[in-house]
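At position 105 of the sequence shown (counting the first as 1) the number is 192 in my numbering, and the numbers step up by one without a gap.
Glycine residues also receive a C-beta, built at the ideal position from the N, C-alpha and C atoms.
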Amino acid sequence: AASYLLRFTCGQYSNVDLVPTKPTGERGSGILLTVLDESDGIVKSKDMLSFGDRTAVGLALRLGISKTMSRIKTLKESPQKTPRIRCVLLDEPLGGLDVSRRKEVVDQLVEDEGFEQIFLITHMEIDRKEEIPRVIVRKEGNVSVAEFIASKEET
């Protein structure tokens, strides 16, 4: 998650830390998320971050966890098969990000070799469209029409 975090926050945040918290009232235990703000050297909790920062941190964590899970192997003696996570589905992850962070996320996803496939669902305009295959869905009257557009590399 650390490399994603640095990239998605344009180098502002690093050292994500997850610390278990004690149960409070009817709520069970939780997790306190903190990150190091490289601009002022202060460790900040999630509540101290802007919406865009929280969005970037959350996306970095999801991708980092998914990548870690894709590497997990079962014990040799286990009758269970190793689960293989080869793709990741991201539904509207760009909405809370500013233009520069959106660009960093898209660039990372295009360059990421940790997954065989990355499905990105978005209504946001993105750069590098010509480099990635995409499906455009649009409404024509009462019908939704889907159009597949291959990347330049595939044509």
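Own chain residues within Cβ distance below 8 angstroms of residue i, not counting five before or after
i    : result
I189 : It should be pointed out that residue 189 corresponds to Arg in this sequence rather than to Ile. These residues qualify, in order along the chain: L181, M211 and I213.
Per DSSP, cross-strand counterpart(s) of residue i
i    : result
C174 : Q204
V122 : K131
K216 : According to DSSP, K216 bridges with nothing at all.
D104 : T121
K226 : S231
T155 : DSSP, once it has assigned bridges, lists no residue as partnering T155.
Test: residue i CB closer than 8 angstroms to a CB of chain D
i    : result
C174 : No chain D appears in the structure shown, which is made up of a single protein chain.
Exposure label - residue i; buried when at least 16 CB within 10 Å
i    : result
A147 : buried
D140 : buried
E198 : exposed
E191 : buried
F95  : buried
R121 : Checking the displayed sequence, the identity of residue 121 turns out to be Thr instead of Arg. T121 comes out buried.
V193 : buried
A237 : exposed
A88  : buried
Own chain, CB closer than 7 angstroms to residue i, minus 5 neighbours either side, in chain order
i    : result
Q167 : T161
L207 : L177 and L196
8 angstroms Cβ cutoff met for residue i and residue j
i    : j    : result
L92  : V175 : no
L123 : V106 : no
G98  : K154 : no
E203 : R173 : yes
S116 : K109 : yes
T243 : E179 : This structure leaves residue 243 out entirely; the chain is present only between 88 and 242.
Contacts around residue i, its chain only, beta-carbon distance under 6 angstroms, and the 5 residues preceding and following it disregarded
i    : result
T142 : G183 and L184
R158 : none
K239 : E217
I223 : E234
G151 : A88 and Y91
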